[in-house]
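In the numbering used here, the protein residues as written are 257 to 817.
Using N, Cα and C, we set each Cβ at its ideal position, and we do this for glycine too.
Treat the numbers as computed from the prediction; the structure is a model and nothing was measured.
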C-alpha cells in the first residue's frame, strides 16, 4: 500500500456507529450495514476530552468491549455529554463519536480508524463542534461580537473603495497595496481593538482550540455547527445568518487579521498600547489555528499544530495527516512502529510529491538536522510574505524523497549572479522619477543556517520589496560566487477554485504570478551534486517572461541536504 495516499480499496464507512436512542455502538457488517440499516445517514461530533481522563463516572455505551473513559466533572458532566450527543443526532439515528466508535485498547485497530478520519467526517451528513467549557451566556456574545467587529472592518473597506455589495476576500485583498493607510483607521481604535481581544480571549480559553486532534477536524468539516456546554446552538439571528459554523469564525478572524498585518506592515510608529493589542490578537489567531485556515498552503496546518496540545510527539503528524488525504506510519502499517523523524520524512515526501511549491514555501528558523534542509518541520516559519490566498501553484520541477529522507531535485537552475543582474535590470525599468534607490522586484528570505551566518544582519530581515534586496543578492554572490544557485520550483498564479488544466496554454502564458525558487549552496568542491538549501526567493513575473529567460536556466539534477 502506498503510505502517502488513502487506499481506494478500503471502505470509507466507519468501523462503528453509535445508535443514539439505544446508546449502543454497532460494528459495521458486510455491505456497510449497522443495526440492520444499510449505509445509514449519520452525523459526527468534534470535541476534546483526553486531557481530563479520570476515574469519575463515564457515560454508559453498550456494544463495546473496552472501558469508556471517564472525564473529570469540572471538564464536563455525563449529563452535559448526553445533551451534546442528542443535539448532534438531530435528523439522524446514528452518530460517529470517538469513544464509542474507536477501540480504545487495541492500537492497530485504533490507528487504522485514525487513518480513515477524512472519509468518516466527510461522509457525515452534519458535523457539530461541542465547545464544552463555555456556557451559552458567554459564548454567544463572544461570537456575535467577533462577527460585528469583522463586519465593521468590511464596511470600512466598502466605503473607502466605493463597493455597494459586501466585500469578498478577493476584493479585500485586491486593495491591499492601494489603501493600506486608510484601512488601518479601525486598527488604531482603542475600543475596537480591546473588543476584538476580549472576544477572542473568550474563544481561546475553550480547550477545543488547543487540542491537536480537533485541528484536523476543523479543516475536514469547516461547516461544523457550534454547540455551547449545554448543547445550545450558537447562532446569529440578524441578516441571513443562522447557526454559526467554524468557517464563520475563521472568516471573522482572518478579516481582522489581514488588516492588522497590513497595519503592521505600513505603519512605522503606533501607540504602544495599540501595538501590544495588535500583537496579542495576531498571536491568539495563530495559536488557535485560525490564520492558516484561509490560505492555500497545506504546510500552514503543520505550523499551527505546534501550538496544539498532544500526548505524544508523533500525534503532530497523525493528528493532521487526514486533512491531506495521507495515511502515514502506523495508519498505513499498523504492525510497525515509526519515530517522529520517520513520520516527518513521510509527510515531507508527500508534500513535495503533491506540490513542490507549497512544500518549499517556508523559512527555517533553526538549523536543520543533517540532510534535512528541504524538510518542513516544527522549526519552519511562514512569514506573512509567504501566506497566499486565492493562488494556484504550478510545479516546474520534481522533488523526490526516499524512505531515508534523501531528497533529489530534478528541474532547472541558474546562477544567482545571472539572476541578480536580471533583477537589477527589471528594477531599473520599474524605477520612478530620479530615485537613485531602485525598487526591488524580488524577495529573498534566508534560512537560519550556518552557511549564511556571515551575511550582514541588516540584510537578513528585509521588508517586502525593499530596495536593499538587490544589495542582499550582491552580497550572497560576493560571498559564494558560482557555488550559489537558484532552483526553479514553480509559480504561484492568481486564481481560486479552479485548476490549471482548465486554462488554455495562451491564457497560462499571459498569467501573472510569482516565481518561486530555492537558494542552494554547493557542498564540497569538484563535481559533487550535493547542495544545501539556504533560503527561498520570489519575484513577480508572467509565464511568458519566465520563458524569455530560458537562456539563464540549465537542466539540473542534484541532492539537497
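Limits of the unbroken beta strand (DSSP E) element including residue i
i: residue 555; result: No beta strand (DSSP E) contains residue 555, which is instead part of the alpha helix (DSSP H) from 555-561.
i: residue 813; result: 810-816
i: residue 272; result: 272-275
i: residue 482; result: 481-483
i: residue 573; result: First-last for residue 573: 571-574, but that is the alpha helix (DSSP H), not the beta strand (DSSP E).
i: residue 207; result: Because residue 207 is not part of the residues shown, which for the chain are 257 to 817, the question remains open.
i: residue 280; result: 280-283
Proximity of residue i and residue j at Cβ, strictly below 8 Å
i: residue 653; j: residue 612; result: yes
i: residue 815; j: residue 664; result: yes
i: residue 699; j: residue 721; result: yes
i: residue 492; j: residue 474; result: no
i: residue 667; j: residue 631; result: no
i: residue 251; j: residue 319; result: Any question about residue 251 goes unanswered here, given that the chain covers just 257 to 817.
i: residue 792; j: residue 775; result: yes
i: residue 643; j: residue 576; result: no
i: residue 569; j: residue 596; result: yes
i: residue 795; j: residue 679; result: yes
i: residue 448; j: residue 405; result: yes
i: residue 545; j: residue 618; result: no
i: residue 745; j: residue 616; result: yes
i: residue 608; j: residue 655; result: yes
i: residue 711; j: residue 718; result: no
i: residue 748; j: residue 770; result: yes
i: residue 705; j: residue 623; result: yes
i: residue 293; j: residue 341; result: no
i: residue 822; j: residue 389; result: Shown here, the chain extends from 257 to 817; a query on residue 822 therefore has no answer.
i: residue 468; j: residue 561; result: yes
i: residue 374; j: residue 592; result: no
i: residue 317; j: residue 274; result: yes
i: residue 329; j: residue 312; result: yes
i: residue 511; j: residue 410; result: yes
i: residue 357; j: residue 414; result: no
i: residue 810; j: residue 683; result: no
i: residue 647; j: residue 750; result: yes
Proximity test, residue i beta-carbon vs the ligand GTP heavy atom, cut-off 7 Å
i: residue 748; result: The ligand GTP is absent from the structure shown, which contains no ligand whatsoever.
Opening and closing residue of the alpha helix (DSSP H) in which residue i lies
i: residue 315; result: Element bounds for residue 315: n/a, residue is neither H nor E.
i: residue 453; result: 446-460
i: residue 596; result: 596-610
i: residue 337; result: 334-344
i: residue 301; result: Residue 301 -> not in any alpha helix (DSSP H); beta strand (DSSP E) instead, spanning 298-302.
i: residue 805; result: Premise fails: residue 805 is in no alpha helix (DSSP H) and is neither H nor E.
i: residue 473; result: 468-476
Whole-Å CB distance - residue i paired with residue j, under 8 Å assumed
i: residue 635; j: residue 621; result: 5 Å
i: residue 606; j: residue 580; result: 7 Å
i: residue 477; j: residue 383; result: 4 Å
i: residue 777; j: residue 740; result: 5 Å
i: residue 392; j: residue 488; result: 4 Å
i: residue 788; j: residue 629; result: 5 Å
i: residue 732; j: residue 724; result: Actually they do not touch by this definition, with Cβ atoms about 13 Å apart.
i: residue 297; j: residue 288; result: Wrong, their Cβ atoms sit about 12 Å apart, outside the cutoff.
i: residue 377; j: residue 300; result: 6 Å
i: residue 784; j: residue 817; result: Rounded, the Cβ-Cβ distance is 11 Å, inconsistent with contact.
i: residue 734; j: residue 676; result: Not a contact, Cβ separation roughly 10 Å.
i: residue 470; j: residue 302; result: 6 Å
Min CB distance residue i to chain B below 8 Å
i: residue 390; result: This model lacks chain B altogether, as it is built from one protein chain only.
Can you list the alpha helix (DSSP H) stretches of 4 or more residues lying completely in the segment 636-709, in chain order?
-> 672-686
May I have a chain-ordered list of the alpha helix (DSSP H) segments no shorter than 4 residues that lie completely inside the segment 346-408?
-> 354-357, 363-370 and 373-379
Three or more beta-carbon pairs under 8 Å between the segment 552-570 and the segment 481-496, yes or no?
-> no
Quick one: any contact between the segment 363-380 and the segment 332-345, if contact means 3 or more CB pairs under 8 Å?
-> no
Does the segment 453-473 come close enough to the segment 392-399 to have 3 or more Cβ pairs within less than 8 Å?
-> yes
Should the segment 304-311 be called in touch with the segment 322-330, which here means at least 3 C-beta pairs below 8 Å?
-> yes
What are the uninterrupted segments assigned as beta strand (DSSP E) that are 3 or more residues long and contained completely in the segment 711-753, given in chain order?
-> 740-750
Inside the segment 491-549 only - beta strand (DSSP E) runs reaching at least 3 residues = none
Below 8 Å, can you find three or more Cβ-Cβ pairs linking the segment 528-538 to the segment 583-601?
-> no
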